[in-house]
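First comes the structure, then the notes that go with it.
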Amino acid sequence: MTIPTWKLAHGRELALGPEAIVMGILNVTPDSFSDGGAFLDADHALRQAERLVSEGARIIDIGGESTRPGSEPVSAAEEQDRILPVFEALAGRDDVLLSVDTYRAETARLAVTAGAHIVNDVWGLQREPDIAEVAAATGAGLVIMHTGREREKLPDVIADQFAFLRQSLKIASGAGVRDEQIMLDPGFGFAKDVDENIEIMNRFGELSGLAFPLLVGTSRKRFVGAITGHEKAEDRDAGTAATSALLRMNGAAVFRVHNVAINRDSLKVADAMLATRERAG
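Counting from 1 along the sequence shown, just add 23 to a position and that's the residue number in my numbering.
Below, the structure is given as structure tokens:
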């Protein structure tokens, strides 16, 4: 079996094989829904980065603007002032890969210059399409996320995934991004209600029809709280770990999470089951 490889900036790459990849979340923001303000100071952010790596994160996803519903947008300059010192401090390490969580092309360009290997765009290239040109020029890995925000969705959740993401892939291809750079994300929680999120989980295997590896970000989302009854985001880690294991069994490769340790363990169980299936043929 050929193991797919995700091509990234600065000559790095990541094999997407028998082990799930954990991406730790580092929000350098005052208002993110789960940990807003906790890591706004650069020193605190760097200590959290070390913790994420020690717990098993292969990637750290660094963002400077909250994407929670109702959050206040920040200027590009403020976003960059928050995150670039963190990238510069972590750049060059061989034990972790760095991802920039932004939809702005200029922020993405500066972050890759400062050491980022991956660009993670929650607007799927459809807010600032020039971000695809940044990925093409730098060779950065590109996470293209589905969102239902600010548009009319199709009634069928998977049909909407295909329609939106195919448009995003068209933008990427037109900019010269190679297929080997691309990872898709179904965008759990982004203008999707509880039932829609559950249906995407139930039908997750259908997304393999897009023929790209899949990243998922269910961590501490409201729908997890609605299912488990936990109102506080920080109480949703066990529920998140359950979704991670289920989605791993159905084909997800990369898991963007706040609590690395609990998701690492749940994914090891899923990986063990998948290995047994593979050996059984």
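A virtual CB, placed ideally from N, CA and C, is assigned to each residue, including glycine.
Does residue i pass the burial test, meaning 16 or more other C-beta atoms within 10 Å, or should it be called exposed?
i: isoleucine 85; result: buried
i: glycine 232; result: exposed
i: proline 334; result: Not covered by the structure: residue 334. The range shown for the chain is 24 to 304.
i: glutamate 156; result: buried
i: glutamine 190; result: exposed
i: leucine 37; result: buried
i: glycine 199; result: exposed
i: valine 124; result: As written in the sequence, residue 124 is aspartate, which differs from the valine given in the question. It counts as buried.
i: glutamate 102; result: buried
i: glycine 305; result: There is simply no residue 305 to check, as the chain begins at 24 and stops at 304 in what is shown.
i: aspartate 104; result: exposed
i: alanine 158; result: buried
i: aspartate 202; result: exposed
i: proline 96; result: exposed
i: methionine 46; result: buried
Give the secondary structure of residue i by DSSP, where H, G and I count as helix, E and B as strand, and everything else as coil.
i: aspartate 54; result: Note that aspartate 54 scores a pLDDT of 49, beneath 50, so its modelled location is shaky; the value from the coordinates is reported in the next line. Of the three classes helix, strand and coil, the one that applies to aspartate 54 here is coil, per DSSP.
i: alanine 38; result: strand
i: phenylalanine 278; result: strand
i: aspartate 218; result: helix
i: leucine 148; result: coil
i: isoleucine 305; result: No answer is possible for residue 305: the residues shown for the chain start at 24 and end at 304.
i: leucine 31; result: coil
i: aspartate 66; result: helix
i: asparagine 225; result: helix
i: isoleucine 26; result: coil
i: aspartate 84; result: strand
i: valine 292; result: helix
i: asparagine 286; result: helix
i: alanine 177; result: For the sequence presented, residue 177 should be read as leucine rather than alanine. Leucine 177: coil per DSSP, three-state reduction.
i: valine 200; result: coil
To the nearest whole angstrom, what separates the beta carbons of residue i and residue j, a pair I think is in contact under 8 Å?
i: aspartate 216; j: alanine 43; result: The pair is not a contact, with the Cβ atoms about 27 Å apart (cut-off 8 Å).
i: alanine 80; j: valine 119; result: 7 Å
i: isoleucine 48; j: serine 242; result: 7 Å
i: valine 166; j: methionine 206; result: 5 Å
i: arginine 127; j: alanine 99; result: 5 Å
i: isoleucine 181; j: glutamate 257; result: About 31 Å separates the two Cβ atoms, so there is no contact after all.
With a threshold of 8 Å between beta carbons, is residue i in contact with chain B?
i: glutamate 175; result: In the structure shown, chain B does not exist; there is a single protein chain.
At a cut of 8 Å, does the segment 198-217 reach the segment 244-255 through at least three beta carbon pairs? yes
If you scan the segment 86-135 from start to end, which runs of the alpha helix (DSSP H) of 4 or more residues do you find wholly inside it? 99-113
Counting beta carbon pairs with one atom in the segment 126-137 and one in the segment 109-117, are three or more of them shorter than 8 Å? yes
Quick check for students: name the residue ranges of the alpha helix (DSSP H) that lie wholly in the segment 240-264, counting only runs of 4 or more. 245-251
Does the segment 25-34 come close enough to the segment 260-271 that 3 or more CB-CB pairs lie under 8 Å? no
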